[in-house]
Amino acid sequence: MDGAPKKEQTSEHINLKVIGSDKNEIAFKIKRTTPLQKLMDAYIEKMGFERNSVRFLFDGQRLVGSNTPQDLEMENEDIITAASEQIGGGF
Numbered sequence: 000m001d002g003a004p005k006k007e008q009t010s011e012h013i014n015l016k017v018i019g020s021d022k023n024e025i026a027f028k029i030k031r032t033t034p035l036q037k038l039m040d041a042y043i044e045k046m047g048f049e050r051n052s053v054r055f056l057f058d059g060q061r062l063v064g065s066n067t068p069q070d071l072e073m074e075n076e077d078i079i080t081a082a083s084e085q086i087g088g089g090f
């Protein structure tokens, strides 16, 4: 035994993938306690979208930026879907 502390089973960081409607995939590594708004903003900036033009879904539910991966019990390599906001629809 070298006396080094054992690493906990769950890491402080989590790897998440965001997949857009165009099937482009971007991987993010964030802390489990970081609000998802940071990930959402980074995706929007990287893709060149306007902030209000994209919605993010996890397990079919729309994400709220103040939620964290820990709040939503996300696991490593989970997938978030980024969808363009649909406007209109009336005839």
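Numbers 0 to 90, taken from numbering that gives the first Met the number 0, label the letters of the sequence shown in order.
Glycine included, every Cβ here is placed at the ideal spot set by N, Cα and C.
Every alpha helix (DSSP H) stretch that sits fully inside the region 33–83 and reaches 4 residues is listed by chain position as 35–46.
With a beta-carbon spacing of about 5 Å, S65 and P34 fall inside the 8 Å limit used to define contacts.
K16 sits in a strand when the DSSP states are folded into three classes. The C-beta of V63 has fewer than 16 other C-beta atoms within 10 Å across all chains shown, which makes the residue exposed. In the displayed model, K30 falls within a strand according to three-state DSSP.
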